[in-house]
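Colleague:
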Amino acid sequence: IFVKPFGPYIRADVAKDAGVEDAFRALRSYDDIGPIMAEVKKYIDSKKGGFQYVTVAPNINATETFGYDVVDSGLVVKSTDTAGRVGLYSDTLEYSRAALMIRQWNELGYTPSEPKTSSEQQDAWKAGLSTMMMSGVVKPGGDAEIKARWGHDVISVAIAEPLLTTAGSTATMTGVNSLSPNPEAAVKFLELLNSDVKFYNTLCKGIEGVHWEWDDKASLLIRPAAGKASYADTGYNPNTDWQFGNVFNSYYTARSQVGAWPATADLNRNARPSPLLGFTFDGKGVDTERAACAAVAKEFGEPLTFGIVDPMTQIPALNKALQEAGIDRVRAEMQKQIDVWMSAKKR
Numbered sequence: 001i002f003v004k005p006f007g008p009y010i011r012a013d014v015a016k017d018a019g020v021e022d023a024f025r026a027l028r029s030y031d032d033i034g035p036i037m038a039e040v041k042k043y044i045d046s047k048k049g050g051f052q053y054v055t056v057a058p059n060i061n062a063t064e065t066f067g068y069d070v071v072d073s074g075l076v077v078k079s080t081d082t083a084g085r086v087g088l089y090s091d092t093l094e095y096s097r098a099a100l101m102i103r104q105w106n107e108l109g110y111t112p113s114e115p116k117t118s119s120e121q122q123d124a125w126k127a128g129l130s131t132m133m134m135s136g137v138v139k140p141g142g143d144a145e146i147k148a149r150w151g152h153d154v155i156s157v158a159i160a161e162p163l164l165t166t167a168g169s170t171a172t173m174t175g176v177n178s179l180s181p182n183p184e185a186a187v188k189f190l191e192l193l194n195s196d197v198k199f200y201n202t203l204c205k206g207i208e209g210v211h212w213e214w215d216d217k218a219s220l221l222i223r224p225a226a227g228k229a230s231y232a233d234t235g236y237n238p239n240t241d242w243q244f245g246n247v248f249n250s251y252y253t254a255r256s257q258v259g260a261w262p263a264t265a266d267l268n269r270n271a272r273p274s275p276l277l278g279f280t281f282d283g284k285g286v287d288t289e290r291a292a293c294a295a296v297a298k299e300f301g302e303p304l305t306f307g308i309v310d311p312m313t314q315i316p317a318l319n320k321a322l323q324e325a326g327i328d329r330v331r332a333e334m335q336k337q338i339d340v341w342m343s344a345k346k347r
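Written out as structure tokens, the structure reads:
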């Protein structure tokens, strides 16, 4: 999938038991999620299910969620701005509102008192300690993928509008190294991976009759071979189809996934393109400033994403530190390159 329609996930059993399933499915904005989290917190406090947190991953400040295309160093262009004007994301109203919301969740006890690393967040989800993920890419068949990865049925709702960006389009593109001693053979292999469905699925799913068997061949739906409970039990389950080739050629592994590939293709095809689609920033001339800004973002920005600091004081401190690190020089260079690129497109 090229686009990133971000939105929250909730464990299906929790949504049902806490009585919030209908309200969750009706979500269209993070502004309306507070009452749902409050009910889930009551459910957790009743000691049902052994959960510890409403969420260990509270960050909702992905730029695409609020219609921005991030270029580099926290610098963004609004997806509706055809002039391509560069701004600082942490200086936007959307960033501040989201940070204040996350802070409130922390103060209400919905999130851990200390930040969790990405691996710790995933471990907490797998172990059944957390009930919700606040921001993930919601896509056709995605709920089935989550279950396969972490073992829990979930309900997900897309809040962000699908936006087609350069980063989203190129993130999983495969190429041939310029130093490859056999580039023609490499290209032939890539062609095979992306055109021969049987070959591709052998790499992704394993050997028919050994690792998988047909459940519904007409629907291209498979199941673990020999009555195994899961694909992991068969001895081969890389679960990384997207790394190998065109995932739209992949066999479905869950009934709920059937039809996801054409639906995803439609999502990509019909998404609104960013005004910067096709643009790539060359930051070599401001590498020193970019490195300094990255360090500032980690020091000042990460605490904001977990709600453990007051946004009213931390955001001004973040932006001041970015100014001192040279963000204006990065922005000026970026704007210059965008202006040249846009001018060339008009010719």
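At position 311 of the sequence shown (counting the first as 1) the number is 311 in the numbering used here, and the numbers step up by one without a gap. We put the CB at the ideal spot given by N, CA and C, even for glycine. Being a predicted model, the structure only gives us computed values, none of them experimental.
#1: Report yes or no: do three or more beta-carbon pairs, one from the stretch 87-102 and one from the stretch 299-313, lie closer than 8 Å?
#2: So for Ile315, helix, strand or coil by DSSP?
#3: Between Pro115 and Pro303, what straight-line distance do the alpha-carbon atoms span, to the nearest angstrom?
#4: Where does Ser156 fall in DSSP's three states?
#5: What separation, rounded to the nearest whole angstrom, lies between the Cα atoms of Gly109 and Phe51?
#6: Using the three-state DSSP reduction, which class does Thr357 fall into: helix, strand or coil?
#7: Mind checking whether Leu164 and Arg331 have CB atoms under 7 Å apart?
#8: Buried or exposed, going by whether 16 or more other CB atoms sit within 10 Å of the CB of Met334?
#9: Excluding sequence positions up to five away, which residues of its chain have a Cβ less than 7 Å from the Cβ of Pro183?
#10: Which stretch, first to last residue, makes up the alpha helix (DSSP H) that contains Gly142?
#11: Ends of the alpha helix (DSSP H) at Asp215?
#12: Identify, in the order they occur along the chain, each residue of the same chain with its Cβ nearer than 6 Å to the Cβ of Pro5, setting aside the five sequence neighbours on each side.
#13: Thinking C-beta only, is Ile60 closer than 7 Å to Tyr30?
#14: Starting from Val137, follow its DSSP beta bridges and name the residues at the other end.
#15: Evaluate the contact criterion for the stretch 78-95 versus the stretch 25-39: three or more CB pairs, one atom per stretch, below 8 Å.
#16: Determine, using beta carbons only, whether His211 and Thr240 come nearer to each other than 7 Å.
#17: Buried or exposed for Arg290, please, with buried defined as at least 16 other CB atoms from any protein chain shown within 10 angstroms of its CB.
#18: Which residue or residues does DSSP assign as beta-bridge partners of Lys78?
#19: Apart from the five residues on each side of it in sequence, which residues of its chain come closer than 7 Å, Cβ to Cβ, to Lys78?
#20: When DSSP builds the beta bridges, which residues end up paired with Tyr252?
#21: Following the continuous beta strand (DSSP E) through Thr55, name the residue where it begins and the one where it ends.
#22: Report the option in Cys293, Pro224, Glu107 whose CA atom is closest to the CA atom of Gly283.
#23: Can you tell me where the alpha helix (DSSP H) with Gly34 in it begins and where it stops?
#24: Using the Cα positions of Asn246 and Ser46, report the straight-line distance between them to the nearest angstrom.
#25: Can you tell me whether DSSP reads Gly245 as helix, strand or coil?
#26: Cβ of Met37 versus every heavy atom of the ligand MN: is any distance shorter than 6 Å?
#27: On the DSSP bridge assignment, give the partners of Ser130 in chain order.
#28: Going by other Cβ atoms of all chains shown within 10 Å of its Cβ, with 16 needed for buried, is Met132 buried or exposed?
#29: Could you tell me which residues DSSP pairs with Arg11 in its beta bridges?
#30: State the start and end residues of the unbroken alpha helix (DSSP H) segment that holds Asp328.
#31: Please report the straight-line C-alpha distance between Ala148 and Met312, rounded to a whole angstrom.
#32: Please classify Ser180 as buried or exposed, where buried requires at least 16 other C-beta atoms within 10 Å of its C-beta.
#33: Going by the beta-carbon positions, is the gap between Thr264 and Pro140 smaller than 7 Å?
#34: In the DSSP assignment, what are the bridge partners of Gly87?
Modeller: Straight from the coordinates:
#1: Because the criterion of three Cβ pairs below 8 Å is met, the stretch 87-102 and the stretch 299-313 touch.
#2: On the sequence shown, residue 315 is found 315 positions in, with the first residue counted as 1. Secondary structure at Ile315: helix, using DSSP grouped into helix, strand and coil.
#3: If you number the sequence shown from 1, residue 115 lands on position 115. If you number the sequence shown from 1, residue 303 lands on position 303. Straight-line measurement puts the Cα of Pro303 at about 7 Å from the Cα of Pro115.
#4: Your numbering for residue 156 matches position 156 in the sequence shown. Note: Ser156 maps to strand in three-state DSSP.
#5: Counted from its first residue, the sequence shown places residue 109 at position 109. Counted from its first residue, the sequence shown places residue 51 at position 51. A direct Cα-Cα distance of roughly 13 Å separates Gly109 from Phe51.
#6: With the chain running from 1 to 347 in the structure shown, residue 357 is simply not present.
#7: For the purposes of this step, residue 164 is taken as the residue at position 164 of the sequence shown. For the purposes of this step, residue 331 is taken as the residue at position 331 of the sequence shown. Going by C-beta atoms, Leu164 is not nearer than 7 Å to Arg331.
#8: Taking the sequence shown and counting its residues from 1, one reaches residue 334 at position 334. Counting Cβ neighbours within 10 Å, Met334 comes out buried, since at least 16 surround it.
#9: The sequence position of residue 183 within the sequence shown is 183, counting from 1. Val176.
#10: Your numbering for residue 142 matches position 142 in the sequence shown. Per DSSP, Gly142 belongs to the alpha helix (DSSP H) from 142-150.
#11: Position 215 of the sequence shown, counted from the first residue, corresponds to residue 215. Residue range 212-216 is occupied by the beta strand (DSSP E) that includes Asp215, with no alpha helix (DSSP H) assigned at that position.
#12: Position 5 of the sequence shown, counted from the first residue, corresponds to residue 5. Excluding its 5 nearest sequence neighbours in each direction, Pro5 has C-beta neighbours in its own chain below 6 Å: Val138, Ala158, Ala160, Pro162, listed in chain order.
#13: Residue numbering aside, residue 30 sits at position 30 when the sequence shown is read from its first letter. Residue numbering aside, residue 60 sits at position 60 when the sequence shown is read from its first letter. Cβ distance < 7 Å, so Tyr30 and Ile60 count as in contact.
#14: Here residue 137 is taken as the residue at index 137 of the sequence shown, counted from 1. Phe6, per the DSSP bridge assignment.
#15: The answer is no - the stretch 25-39 does not touch the stretch 78-95, with fewer than three Cβ pairs under 8 Å.
#16: Position 211 of the sequence shown, counted from the first residue, corresponds to residue 211. Position 240 of the sequence shown, counted from the first residue, corresponds to residue 240. No, the pair does not count as a contact, with Cβ atoms beyond the cut-off.
#17: For the purposes of this step, residue 290 is taken as the residue at position 290 of the sequence shown. Counting C-beta atoms within 10 angstroms of its own C-beta, Arg290 has 16 or more neighbours from the protein chains shown and is therefore classed as buried.
#18: Sequence index remark: in the sequence shown, residue 78 carries index 78 (1-based). Looking at the DSSP assignment, Lys78 forms a beta bridge with Tyr68.
#19: On the sequence shown, position 78 is the one that residue 78 refers to. Answer for Lys78: Gly67, Tyr68, listed in chain order.
#20: For this step, residue 252 is matched to residue 252 along the sequence shown. Per DSSP, Leu221.
#21: Counting from 1 along the sequence shown, the entry for residue 55 is found at position 55. Counting along the chain, the beta strand (DSSP E) containing Thr55 begins and ends at 53-55.
#22: Translated into the one-based positions of the sequence shown, residue 283 becomes position 283. For the options Cys293, Pro224, Glu107, the alpha carbon positioned closest to that of Gly283 is the one of Cys293.
#23: Counting from one through the sequence shown, the residue named residue 34 turns up at place 34. Per DSSP, Gly34 is one residue of the alpha helix (DSSP H) stretching across 34-45.
#24: Along the sequence shown, one-based indexing puts residue 246 at 246. Along the sequence shown, one-based indexing puts residue 46 at 46. Straight-line Cα distance between these residues: approximately 46 Å.
#25: Taking the first residue of the sequence shown as 1, we reach residue 245 at position 245. When DSSP states are grouped into helix, strand and coil, Gly245 belongs to the coil group.
#26: Although the ligand MN was asked about, the structure shown includes no ligands whatsoever.
#27: Position 130 of the sequence shown, counted from the first residue, corresponds to residue 130. As a beta-bridge residue in DSSP terms, Ser130 pairs with Tyr53.
#28: For the purposes of this step, residue 132 is taken as the residue at position 132 of the sequence shown. The residue in question, Met132, is buried, as its Cβ has 16 or more Cβ neighbours within 10 Å.
#29: If you number the sequence shown from 1, residue 11 lands on position 11. Bridge partners of Arg11 according to DSSP: Val154.
#30: Here residue 328 refers to the residue found at position 328 when the sequence shown is read from its first residue. For Asp328, the enclosing alpha helix (DSSP H) stretches over residues 327-346.
#31: Position 148 of the sequence shown, counted from the start, is the residue given in the question as residue 148. Position 312 of the sequence shown, counted from the start, is the residue given in the question as residue 312. If I take the Cα positions, the gap works out to 40 Å.
#32: Working through the sequence shown from its first residue, we reach residue 180 at position 180. By the neighbour-count rule (16 or more Cβ atoms within 10 Å), Ser180 is not buried but exposed.
#33: Residue mapping note: residue 264 aligns to position 264 of the sequence shown, counting from 1. Residue mapping note: residue 140 aligns to position 140 of the sequence shown, counting from 1. Against a cut-off of 7 Å, the Cβ pair of Pro140 and Thr264 comes out as a contact.
#34: Looking up residue 87 in the sequence shown gives position 87. DSSP lists Val76 as the beta-bridge partner residues of Gly87.
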